[in-house]
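Residue numbers (my numbering): 178 to 489.
All C-beta atoms, glycine included, are put in the ideal place defined by N, C-alpha and C.
In structure tokens, the structure reads:
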């Protein structure tokens, strides 16, 4: 079983597929044009946090950053401080599982950044999942962003899981992060090989970010779900696991497996894409309702099997 810490972006010391974004950011920094509020927007697991980690290592530990290879030393003094969250120049504010950022967290942040750092280096405040902030938290954050400061730079991460509040978006310089399929495949293959991770998934019919691919692969290995397992038993096991653990990633994986399986069916049945798409959407609808309304799994799965039989 692979260690889940391998998926931590702090351990991703090699940048794959994100070179152009990295070069744009360091050019902005080196020319003193780095935005006071930068909004990185892109799908979860695409590499936004990894990109930030590389930027910070470049800025604060240039001697140990290999610009040609886009890599840094995991044992450097700065990265050790970064990993242990003890660098006074870096502040991370991230939502916890099943718990969003509260207005008290933003007020505490305001108090922290009102105090200057001992050195004259810039301070970066990284806020993850800003699209999940409620109205009160967003308004409190907006007030901080509106107050000019010489050495504070905010980097907001939008994982596109909800619509970000417009007033925050309008205060930011936005950078959309995207990887094409070839770049995703390269990143996934590199991470699997580097970390010697057993791969039980296939990239052929699955369009997900590198980060989510590793998370899904981890869940399949952990729960002994084989790639060769038929669609219905695989889906049933994932929903049973969710019923027990309430891990939202299991539902996300179930939906992605449904998407990929029906894409496979499209290739085999090119004459009835509309019928297959309708069945797929109904199954995903049933999965979402199962979660949203805490429905009886036996009843829901009976409906899923009935819908799936219509696709044959």
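Quiz item: Near residue 198, what residues of its chain come up, given a Cβ to Cβ distance below 7 Å and the 5 sequence neighbours on each side ignored?
Solution: Once the five neighbours on either side are set aside, the close Cβ partners of residue 198 are 228, 352 and 354.
Practice problem: Verify the contact flag: residue 457, CB atom, against every heavy atom of the ligand SAM, threshold strictly below 7 Å. | Solution: Within the structure as shown, the ligand SAM is missing, as the structure has no ligands at all.
Self-check item: Per DSSP, the bridge partner or partners of residue 334
Solution: DSSP, once it has assigned bridges, lists 217 as partnering residue 334.
Exercise. Tell me, to the nearest whole angstrom, how far the beta carbon of residue 187 is from that of residue 230; I am working on the premise that it is less than 8 Å.
Key: Contact holds; Cβ gap of about 6 Å.
Quiz item: With C-beta atoms as the reference, is residue 394 less than 8 Å away from residue 374?
Solution: Closer than 8 Å, so yes.
Quiz item: Can you name, in chain order, every residue of its own chain whose Cβ lies under 6 Å from the Cβ of residue 277, other than the five neighbours on each side?
Solution: Closer than 6 Å at the Cβ level, and outside the excluded window around residue 277, lie 309.
Quiz prompt | Close-in-space but distant-in-sequence residues of the same chain around residue 350 (CB under 8 Å, 5 per side omitted) | solution = Cβ neighbours of residue 350 within its own chain (closer than 8 Å, five residues either side excluded): 212, 214, 215 and 216.
Quiz item: Hey, quick one: how far does the alpha helix (DSSP H) through residue 284 stretch, first residue to last?
Solution: DSSP places residue 284 in the uninterrupted alpha helix (DSSP H) bounded by 280 to 290.
Quiz item: Distance, Cα to Cα, residue 459 vs residue 406?
Solution: Approximately 22 Å, taken between the alpha carbons.
Exercise. Run through the stretch 296 to 323 for me and flag every whole alpha helix (DSSP H) of 4 or more residues, listed as ranges in chain order.
Key: The stretch 296 to 323 contains these whole alpha helix (DSSP H) runs: 312 to 323.
Quiz item: Using DSSP with H/G/I as helix, E/B as strand and the rest coil, what is residue 178?
Solution: The predicted position of residue 178 is uncertain, since its pLDDT is 43 and thus under 50; a value taken from the coordinates is nonetheless stated next. Residue 178 falls in the coil class under three-state DSSP.
Quiz item: residue 127: buried (16+ other C-beta within 10 angstroms of its C-beta) or exposed?
Solution: Nothing about residue 127 can be reported from this structure: the residues present for the chain run from 178 to 489 only.
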